[in-house]
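Asker: Could you have a look at this structure, given as structure tokens, before my questions?
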Amino acid sequence: MSGFSVSRTETRAPDLMADVMSSALGAVDMSVIDPREAYLSIRSASGPSLSALDFQLSFRGRSDLDGLERDPAEHVFSVVYIDPEPGSGRLWDAQGQELDILRPVLYPDWVGSEFDGCHSKVVSIARSEVRDYARRLAGTSDFDLRFTGFHPRSAALGEHWYATRRYMMSAMELPADDPGVELIHAQLPGLIAATVLATFPNTLTDYLDRHDARPLGATAAIRRAVAYIDEHAQEPITLADIAAASRLSVRALQDGFRRHFDTTPL
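Rendered as structure tokens:
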């Protein structure tokens with residue numbers, strides 16, 4: 002892990018605005034910008050599969066996050082919200098449904114947008130990162146992850162997203178020339194993938210509810226988990242990694258550790 006690249010940009014050039022926003026959000030079409038109203042001030046941090054933006058933006062446009070000009074490997078899930086003041090902002094989906102941008106919103110594949118000098122906070126993570134994490138939790142490479150809602154499943158999870166993003170931004174700006182910082186950076190994509198999955202409605206929650214009802218009977222699986230932990234004790238392993246090694250879902254893994262050791266895997 003080589004760390005995250007941090008940059009700051011201020012511009013009134015629509016073409017540059019489109020390039021900067023597309024680098025984080027996917028294919029962004031800003032062809033409908035009125036150049037007299039265009040303005041962007043942005044702080045960004047980016048790595049191989051994770052990026053973040055803090056920006057003040059004025060424009061009216063539309064964003065197609067699965068644009069045909071973009072390689073599918075580069076598609077991202079993006080979460081955005083705005084500060085209530087100053088300025089204002091709006092998002093709407095392909096059906097014209099207004100999205101509540103004053104709380105975290107998981108971008109749909111197409112979104113109309115209008116910003117007037119507001120401060121916006123965006124996190125983007127590679128879709129492959131989130132899907133692979135979900136498949137490890139589900140215990141199968143065939144699991145089909147789909148998000149079924151754009152807003153947090155609860156107010157508490159929405160608040161947790163704010164806290165996670167603040168931590169992520171501070172961690173991204175740490176210099177990567179320290180081995181301890183490298184460990185922190187290596188954990189960030191998994192942290193954000195897990196938080197996106199926990200915060201927004203998706204098919205993984207229902208899948209785990211259905212499959213974790215089976216009897217545990219996991220003595221061999223728990224031994225595999227313990228062996229994996231011992232073998233990788235010096236590496237930044239996650240709960241999802243341990244679950245994948247044991248071939249159990251996360252809940253079954255946690256239940257097994259509580260039953261056999263009266264503790265958790267971590």
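Note that this note's numbering gives residue 227 to position 226 of the sequence shown, counting from 1, and the numbers run on in steps of one. Even glycine gets a Cβ: it sits at the ideal position worked out from N, Cα and C.
Write down the C-beta distance between Arg-9 and Ile-43 rounded to the nearest angstrom, noting that I regard them as a contact closer than 8 Å.
Answerer: Right, their Cβ atoms sit about 7 Å apart.
Asker: Quick one: complete beta strand (DSSP E) runs, 3+ long, within the stretch 67-114?
Answerer: The stretch 67-114 contains these whole beta strand (DSSP E) runs: 77-83, 89-93.
Asker: What would DSSP say about Arg-9, mapped onto helix, strand or coil?
Answerer: Reduced to three states, the DSSP call for Arg-9 is strand.
Asker: How many angstroms separate the CA atom of Ala-14 from the CA atom of Leu-254?
Answerer: Rounded to whole angstroms, Ala-14 to Leu-254 spans 52 Å at the Cα level.
Asker: Taking the alpha-carbon of Asp-145 as reference, which of His-152, Arg-154, Arg-137 has the nearest alpha-carbon?
Answerer: Comparing Cα-Cα distances from Asp-145 to each of His-152, Arg-154, Arg-137, the minimum goes to Arg-137.
Asker: Going by alpha carbons, who is nearest to Ile-185 out of Ala-228, Val-21, Met-170?
Answerer: Of the listed residues, the one whose Cα sits closest to Ile-185 is Met-170.
Asker: Buried or exposed for Thr-265, going by 16 or more other Cβ atoms inside 10 Å?
Answerer: Thr-265 comes out exposed.
Asker: Which word fits Pro-87, buried or exposed, when buried means at least 16 other C-beta atoms lie within 10 angstroms of its C-beta?
Answerer: Classification of Pro-87: exposed, given that the 10 Å Cβ count is below 16.
Asker: DSSP beta-bridge partners for Asp-20?
Answerer: According to DSSP, Asp-20 bridges with nothing at all.
Asker: Going along the chain, which residues of its own chain have a beta-carbon closer than 6 Å to the beta-carbon of Ala-241, five neighbours each way excluded?
Answerer: Once the five neighbours on either side are set aside, the close Cβ partners of Ala-241 are Tyr-134, Arg-137, Leu-138.
Asker: By alpha-carbon positions, which one of Ser-50, Trp-162, His-233, Met-18 ends up nearest to Lys-122?
Answerer: Measuring from the Cα of Lys-122, the nearest candidate turns out to be Trp-162.
Asker: Do three or more CB pairs link the stretch 148-166 to the stretch 191-204 at distances below 8 Å?
Answerer: Yes, the stretch 148-166 is in contact with the stretch 191-204.
Asker: Do Phe-78 and Arg-128 come within 9 Å of each other at the CB atom, strictly closer than that value?
Answerer: For Arg-128 and Phe-78, yes; Cβs fall inside 9 Å.
Asker: Whole-angstrom Cβ separation of Val-112 and Asp-94, contact assumed at under 8 Å?
Answerer: The pair is a contact, with the Cβ atoms about 6 Å apart (cut-off 8 Å).
Asker: Taking its Cβ as the centre, do 16 or more other Cβ atoms sit within 10 Å of Ser-250, making it buried, or is it exposed?
Answerer: Classification of Ser-250: buried, given that the 10 Å Cβ count is 16 or more.
Asker: Would Tyr-108 and Val-80 qualify as a contact pair, given that the criterion is a beta-carbon distance under 9 Å?
Answerer: Cβ distance < 9 Å, so Tyr-108 and Val-80 count as in contact.
Asker: State buried or exposed for Gly-181, treating a residue as buried only when at least 16 other CB atoms are found within 10 Å of its CB.
Answerer: So Gly-181 counts as exposed.
Asker: What residue range is occupied by the uninterrupted beta strand (DSSP E) comprising Arg-44?
Answerer: Its beta strand (DSSP E) spans residues 40-47.
Asker: Please say whether Leu-54 and Tyr-82 have beta carbons closer to each other than 9 Å?
Answerer: Against a cut-off of 9 Å, the Cβ pair of Leu-54 and Tyr-82 comes out as no contact.
Asker: Can you tell which of Asp-20, Leu-41, Ala-226 has the C-alpha that lies nearest to the C-alpha of His-120?
Answerer: Answer by Cα proximity: Leu-41.
Asker: Are His-152 and Asp-101 touching if we call contact CB-CB under 9 Å?
Answerer: Yes, the Cβ-Cβ distance between His-152 and Asp-101 is below 9 Å.
Asker: Looking at Ala-244: is its Cβ nearer than 9 Å to the Cβ of Ala-226?
Answerer: Contact flag set, yes.
Asker: Would you check if the distance between the CB atom of Ile-230 and the CB atom of Gly-257 is smaller than 9 Å?
Answerer: No. Outside cutoff.
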